[in-house]
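Residue numbers (this note's numbering): 635 to 970.
Structure first, then comments.
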Ligand SMILES: Cc1cc2nc3c(=O)[nH]c(=O)nc-3n(C[C@H](O)[C@H](O)[C@H](O)COP(=O)(O)O)c2cc1C
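Below you can see the structure in the form of structure tokens.
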């Protein structure tokens with residue numbers, strides 16, 4: 635909305651109108667975020683979807699995993715967590731059947747029970763429930779053994795992480811020049827698989843990736859984004875990273891989607907880099923209208939917050955990249 639001010643209007647009147655308009659726009663957009671958080675997160679205690687219940691269960695089994703991973707786990711810790719899991723797991727399995735979340739929880743409960751009993755605390759009720767649930771696990775999941783803790787060695791971590799990370803990081807550039815070659819779907823899947831190792835709050839893994847493969851879809855998606863002119867259409871694929879608000883449970887987590895989704899996107903960019911592909915992050919710094927329009931055009935759910943787009947493609951043999959110099963260490967490191 636542009637105001638036509640009279641040429642004789644005093645500057646403070648113009649400033650007032652401009653400022654009011656900005657504030658109104660901000661309020662409407664914050665309201666959009668607020669409405670979506672209220673509707674889709676479980677901040678209002680309304681656990682009415684599988685994703686919401688799974689998030690609560692994941693938070694709790696992960697509390698047990700974390701407790702068991704301490705240097706000196708406390709015998710019998712987490713009674714409140716156990717009570718919630720004993721209530722939530724049967725409900726979950728009844729409504730949604732056995733799946734990885736339920737199985738991981740079951741294995742974690744068993745690890746918790748084993749730890750306690752090795753230290754002289756035997757909870758017969760808990761053990762009976764675990765055994766009874768185990769007997770109802772479908773045959774196909776019998777060998778599923780994830781959940782609880784696992785032993786790793788310092789030498790394993792040091793050997794596995796022994797790469798020239800500085801060189802790896804320094805050789806990643808935002809790429810705005812791609813060849814015509816399409817990226818093989820298996821390579822795209824491999825990068826997304828690698829990004830799955832990204833840390834997330836309580837391991838809730840709210841991030842997802844929409845992958846657009848057809849030329850038409852790619853063009854359509856890019857038409858909603860304002861920073862890809864001159865190179866977007868050269869990219870083999872465009873991905874949209876989203877974070878599902880149904881995974882978040884409290885007021886304090888109102889911005890968590892941007893953290894978890896942002897970290898996921900970073901992993902994805904590095905995964906592509908490790909596979910020799912070029913990427914360019916594409917901002918989704920938009921208002922309510924554009925956000926809703928892209929969701930409508932692509933089928934992205936209202937519960938999913940769009941973090942960013944990523945253009946990906948094959949690198950030409952030689953290309954120009956923006957230098958994008960970085961700030962000095964002294965400017966960003968505050969040692970207190
Ligand atoms: C969230 C995010 C959004 C970005 N959006 C755009 C964009 O719309 N268009 C673009 O050309 N580059 C975009 N970039 C790339 C940045 O300009 C680039 O990362 C920065 O200048 C540092 O350069 P480098 O990636 O080559 O190290 C974006 C980067 C991030 C992290």
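Where is the CB? At the ideal position from N, CA and C, for every residue including glycine.
Short CB-CB distance (under 8 Å) between residue 846 and chain C: Here there is only one protein chain, and chain C is not present.
Any non-hydrogen atom of ligand 1 closer than 7 Å to residue 873 Cβ: no
Per-residue burial, residue 675 [other beta carbons within 10 Å of its own, 16 or more giving buried]: buried
Simplified DSSP state of residue 849, which is helix, strand or coil: helix
Cβ contact check for the segment 915-932 and the segment 654-674: 3 or more pairs under 8 Å: yes
Helix, strand or coil at residue 818 according to DSSP, with G and I counted as helix: coil
Residue span of the alpha helix (DSSP H) that contains residue 878, given as start and end: Not the alpha helix (DSSP H): residue 878 falls in the beta strand (DSSP E), residues 871-878.
DSSP-derived helix/strand/coil call for residue 934: coil
Heavy atom of ligand 1 within 7 Å of residue 956 beta-carbon: yes
Proximity test, residue 942 beta-carbon vs ligand 1 heavy atom, cut-off 7 Å: yes
Residue 812 beta carbon less than 8 Å from that of residue 907: no
Residues bridged to residue 842 [DSSP beta-bridge criterion]: 876
Chain-order list of residues whose beta-carbon lies under 8 Å from that of residue 834 (same chain, five-residue window excluded): 840, 841, 894, 897, 898
Cβ distance (whole Å) where residue 946 is taken to contact residue 911 below 8 Å: 6 Å
DSSP three-state assignment for residue 949, whether helix, strand or coil: coil
Proximity to residue 933 [Cα-Cα], best of 874, 727, 956, 904: 874
Cβ shell of residue 607 (< 8 Å), same chain only, five flanking positions each side left out: Here the chain comprises residues numbered 635 to 970, so residue 607 is not present and cannot be evaluated.
Unbroken alpha helix (DSSP H) run spanning residue 658, endpoints: 645-674
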